[in-house]
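Numbering (the working numbering), first residue to last: 133 to 1233.
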Amino acid sequence: MVEKRSGKDIPKSMRVVLSAPISSSLALLICLGLVGRSRAQVDTTISRQESLSVELPCPVNVDKCGKLHSLNWFKGDDRIAAMLLGESNVTSVDKEFDKRVTVKQNPYSLVIQDLKIADEDIYLCDTTFFIPEETCDNFNGYRIELRVLENIVPPTEVVILDAKGDRIENGSSVGPMQERQSLKATCTVKNTRPQPEVGWFRGTKRLTTYSPTHDLNNGLYTSTLELDWPLSREDLAQDIECRVKSAAIPNTTVSKFRVDLQVRPTSIDINGVKHHTVQGSKVVLTCDIHGARPAVNLTWYNSTTVISPSENDMTEIRIKSFEKNDGTYHTQSELIFNATRFENDRAFRCEAENAVLQINREKPISSALTLEVLYPPVVKVSPSDIITKTSEIVLLNCEYVANPASLTKVEWFRNDDLVNVNDSSHYKGGNSENVALVIRSTERDDIGNYSCQLSNTIGKGISDQKINLDVHYVPIVEILMIPEGPVKESDESNVTLFCNVLDANPLALTKVRWYANSTLLKELPDCEETREDLCHIDPSKLLLESIGRGFFYNYSCEGFNSAGWGPRSEDKELMVHYEPGPSTLTHFPLVAVKKKSVTFSCSVDDPGYPDTNRYRWMRGGRGPLQDIVTKDWTVEPVGLDSRTNYSCFAYNEGGRGVMATVSLEVHAPPFFIKNLPPYTGVLHSSPNATLTCRIECVPRCEISWQKDGEPIEKNDTRYFVKEKYMEASPATGDFESMLSVLHFNMPNWPLAKFDIEADNANYSCVSTGNTVGASIRSRTYFGIEYAPENITVSENVVFVQEDTIPGRVICKSRANPEPSYKWFFKNETIANGNALIINKAMERKDNGTYTCLAYNKHGTSIAETVIEVQFKPRCEIERREIDDQDTLICTAFGNPVESDFSWSIKADNETVEVLDSGDKKSFLEKSFYVLQADYAISRTYRCVANNTIGSGTFCEIEVAAASSLLIWWQVRPKKQLAWWQLWEKNTLIILVAAIMGLLLTVIIICCIIICICRRRRRQDKLHGKSSSLGEPLTEPGEYENLPFHGLQTAPNKPLNANSFEDEFIYADLESQHYGPINYKAASLYSQVKKNKKSGALDELK
């Protein structure tokens, strides 16, 4: 198998392996292939920088084209490399490129090392297969445009312009545009190198365009590619992209925009009712329109009439649109209505259009559906009115329309009641074969409104109109009276009788006969010449004037119409009422007693009609009383308001009889309106006192006073009585009464006041009896009252130890009324009642005076008890110089105050040396201990105080060792007291505080002045004033007015203790003997020396 190729002259197209010489037709095909190859476009462009390497790909699809035999690489028209595939692959490279070109396999590619400008060309990968498959599409080879870059300049911008030359922003939208329109745009890549590759794309699809133009200016390319693209539905919701590739940019630059594309609807479909529907059913017709952008406008038609919901409340149209992923809309409309017979066999059409159809003047798309509606019969009857007489033949007609037309049932109704058409003796017809109904012989029961109801398989229908059948017959009447009820004789009113028609046809009466107790009174109208006023009247009315007892009859009537005289009515009684006769009134008892009862009785001789059994009562001219209607009336209880006039009369429906009246007399037995209280209290020194009682009694009774059961004589000058007769009081209901007041004539009593013991007594107010009651009395205990006195407490002084509970203290006092008690401590109430009970442990603060207060309404009295809270003493030690002796003073604070003391010394090894008890110097709570003058070490002195309660805790003080200065101080000559020793301690403290405040103020002022001076010095330095020039740093007299001006400069050497003759203690003096603790002792000792002869002992005393 040999490949036939004539060197460089063989066209670079797809090669095949031939087993025979090349025929002339094959040569022609190869020439045509060469021509086609020369005109073929470049498959890809690769740009690479000069001196770099590049790899040119050669795609080989074995599945589509079969097994590869060999491949050749061409640069322009020159072959530079070849590869023969087989058991051992053979590769051949042109000598010119032998050192820089390599052919690779898996994948197939050509690698060029060390790129040069001359390498820039179009490279062809030409493949040859053993047996090419029909699906192979690689007949022209794979072309690659290689560009070798000298200088790389990225584009300044990529601009997309529309057909008008307006800029289209990246990511924006243009339009709206319609399908089938041509989209024209220009993509321009400005100022770049190398020459870029520009293409238009829609998604992954490259759009067919013209070849780009490349303008070279100053070494930079400006490339332009125009787009003229017919828009179709495929461009919906797609980005139109201008992609730019170049070695000057790392990634492909994409500028894109989207077309707002309007398209026609693609389909319309209407559905809902498949076969038929039934009247009254809810019909929903759905119309779906797909593929439109923008959404369509939709209209529903009933045949040729537009359906509008605003014109029919029972019709509803719902429209909704859904936007799909491709940007088109699915519009769905629902027509909802209730089916009626008028929609039967009607074509319902859905018609839709959008802007595309309107602009292009195309017809709207539509879809129609013919509706079949099944409905029950629609019925009509005739004639509307029939007037006849009894025993006549009547025909009732019934017509209808229905779908389906066949009837399943026929029914006739009279006054909405079903007619039994199966009664063949009276009816004929009224069935599905003969819908009309015939009445063979009319009767009064046939009167009414007739309707026809027909049924089919869908339902039933009844006629809206009815046939009014009227059959005439004689009247049946009754008597009516106005007024209806009984008539009162006293009213002299009129009664009208009506002959009322119960059943008749026609209802109007032309004549009426009137009867009283079955006797004919009158036949109306009466048209005799003498009674013309009764000729032209309504015969069914009869007027009876001025009704009295003589009209008490049974009345009846009979009526006449066109059918003749009817039967006489039943009798009806005219009832006349009249009032009872005069009344008679009695009562028992004849004289009533207060708080008891009295019964009144009312009677009549003529009961009237109807017979009376009801009475009315009046009291004091007021009434009648609504709740009393009986013959007898019992008044209970009798009171002051019962002393009045009482009246009664009988009554019935006819009126009231003549009234009867009596006056009631009421007596009252003795009764206390105001009695004596059980107890009457009077202050023993009161200047006056009275006792009052008031007794109600009719007839009148007398009142007397008693003391301890004995009458008080009128000649007893210690008393006098005043009485008054009181009239009855309607406000309180009290009858006439006697008021009696017993006065105590105090000037005639011993000492003009009551004796608190002898004058307590029982006083009574006593009345006489009368005709209706016995004597009564009221008693009071007359008590002499006085304020609390003789108040005492069970314990005047209570001793209690701290943290224990004291016993109770009882407070007593004499008083009337009995006194109440309160206990006070420090102006606060601590207990109520006469016993002071403290249930808590006592503290030192509870020590003091407790006050008991006894009180009643007349005054107060107090008593006091003292509670002494006793506790162990605590002590404090102070150090003073007394009578030129260094003395320790131990003061005890305890209760009892008197204490004993014990002194001791605590050494450094924690041992304790017991000393004596010290000297109390006539003090109960102090002990004085004189220190030795020649002690050489520091000591801690302790003091313990104890009283009758026990020993307290020890207190201690540290005394530093004595120094030579201290010894000198003690042996120095005695001088007069210093001036400060004459002042009190508080005064010295105030003086020292004032001096310290003044010093602090001076120090603050000095600090402020120093800060100001330093600031001025810095300012002077800034102005060139320097001490090196011989000028002073300070102004003359700057420090002359300061507090420290003129002070001696401190020596720059250690201090020598032997040179000091003053009394000051220096911190570095004999520091080896002091230490941190002994400094304090030395200071205290120095203070003692300075206060020598100060009279401290006298101050303590």
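From the three backbone atoms N, C-alpha and C, an ideal C-beta is built for every residue, glycine too.
This structure is a prediction, so every number in the text was calculated from the model and none was measured.
Looking at the secondary structure, which residues open and close the beta strand (DSSP E) in which residue i lies?
{"i": "V603", "result": "599-614"}
{"i": "R546", "result": "541-546"}
{"i": "P949", "result": "First-last for P949: undefined, no H or E at that position."}
{"i": "S910", "result": "909-925"}
{"i": "T1043", "result": "Counting along the chain, T1043 falls outside any beta strand (DSSP E), and DSSP gives it neither H nor E."}
{"i": "L675", "result": "673-676"}
{"i": "Y710", "result": "Here Y710 belongs to no beta strand (DSSP E), and DSSP marks it neither H nor E."}
{"i": "A724", "result": "723-725"}
{"i": "I571", "result": "569-571"}
{"i": "R1011", "result": "991-1014"}
{"i": "M750", "result": "746-751"}
{"i": "G423", "result": "414-424"}
{"i": "Y987", "result": "980-988"}
Check whether the Cβ atoms of residue i and residue j sit closer than 8 Å, and answer yes or no.
{"i": "S115", "j": "Y647", "result": "Beyond the ends of the chain as shown, which are 133 and 1233, falls residue 115; an answer cannot be given."}
{"i": "N979", "j": "V1001", "result": "yes"}
{"i": "V280", "j": "I249", "result": "yes"}
{"i": "T900", "j": "H799", "result": "no"}
{"i": "A369", "j": "G459", "result": "yes"}
{"i": "N966", "j": "C943", "result": "yes"}
{"i": "I805", "j": "I827", "result": "yes"}
{"i": "D175", "j": "R275", "result": "yes"}
Could you check the C-alpha separation between residue i and residue j for me, to the nearest Å?
{"i": "P397", "j": "I421", "result": "7 Å"}
{"i": "R788", "j": "E621", "result": "12 Å"}
{"i": "L164", "j": "N272", "result": "Model confidence at L164 stands at a pLDDT of 36, short of 50, so the residue's coordinates are unreliable; what they give is reported in the following sentence. So the alpha carbons of these two residues sit roughly 11 Å apart."}
{"i": "T589", "j": "G423", "result": "44 Å"}
{"i": "T436", "j": "F480", "result": "9 Å"}
{"i": "S1083", "j": "D1015", "result": "30 Å"}
{"i": "S76", "j": "T463", "result": "Since the displayed the chain opens at 133 and closes at 1233, residue 76 lies outside it and no answer follows."}
{"i": "P938", "j": "F957", "result": "15 Å"}
{"i": "G698", "j": "R746", "result": "45 Å"}
{"i": "Y605", "j": "T520", "result": "10 Å"}
{"i": "T1023", "j": "E950", "result": "51 Å"}
{"i": "S587", "j": "N637", "result": "35 Å"}
{"i": "S861", "j": "W749", "result": "25 Å"}
{"i": "E504", "j": "P536", "result": "11 Å"}
{"i": "D387", "j": "E373", "result": "For clarity, residue 387 is Ser in the given sequence; the question names Asp instead. Between S387 and E373, the C-alpha separation is close to 6 Å."}
{"i": "C825", "j": "A906", "result": "17 Å"}
{"i": "N632", "j": "T651", "result": "19 Å"}
{"i": "W205", "j": "S241", "result": "9 Å"}
{"i": "S678", "j": "V619", "result": "10 Å"}
{"i": "V410", "j": "Y507", "result": "6 Å"}
Any idea what DSSP makes of residue i, helix, strand or coil?
{"i": "N626", "result": "coil"}
{"i": "K227", "result": "helix"}
{"i": "M446", "result": "coil"}
{"i": "E884", "result": "Strictly speaking, residue 884 in this sequence is Ala, with Glu absent from that position. Reduced to three states, the DSSP call for A884 is helix."}
{"i": "V941", "result": "strand"}
{"i": "C1145", "result": "helix"}
{"i": "Q1151", "result": "helix"}
{"i": "F957", "result": "strand"}
{"i": "K136", "result": "Confidence in K136 is poor, its pLDDT being 31 and thus under 50, which makes the residue's placement too unreliable to answer from."}
{"i": "V1124", "result": "helix"}
{"i": "L188", "result": "strand"}
{"i": "R299", "result": "strand"}
{"i": "V1134", "result": "helix"}
Would you mind reading off the limits of the alpha helix (DSSP H) that contains residue i?
{"i": "D195", "result": "194-197"}
If you measure from the beta carbon of residue i to each beta carbon in chain B, is any gap under 8 Å?
{"i": "F545", "result": "No chain B appears in the structure shown, which is made up of a single protein chain."}
Any beta strand (DSSP E) of 3 or more consecutive residues that is wholly inside the stretch 310-378: Counting only runs of 3+ residues, the beta strand (DSSP E) found wholly inside the stretch 310-378 occupies 314-324, 329-334, 345-349, 352-362, 371-377, in chain order.
Within the stretch 483-537, note down every full beta strand (DSSP E) run reaching 3 residues or more, in order along the chain. Counting only runs of 3 or more, we get 497-503, 505-514, 517-521, 526-535.
Which complete beta strand (DSSP E) runs does the stretch 759-800 hold, if anything under 3 residues is left out? You should have 764-767, 777-784, 792-795.
Write down every uninterrupted run of the beta strand (DSSP E) in the stretch 817-854 whose length is 3 residues or greater and which is fully enclosed by it, in chain order. Fully enclosed beta strand (DSSP E) runs of 3 or longer: 821-830, 835-839.
Please go through the stretch 217-284 and give each complete beta strand (DSSP E) segment of 3 or more residues, from N-terminal end onward. Listed in chain order, they are 222-225, 233-236, 241-244, 253-261, 274-281.
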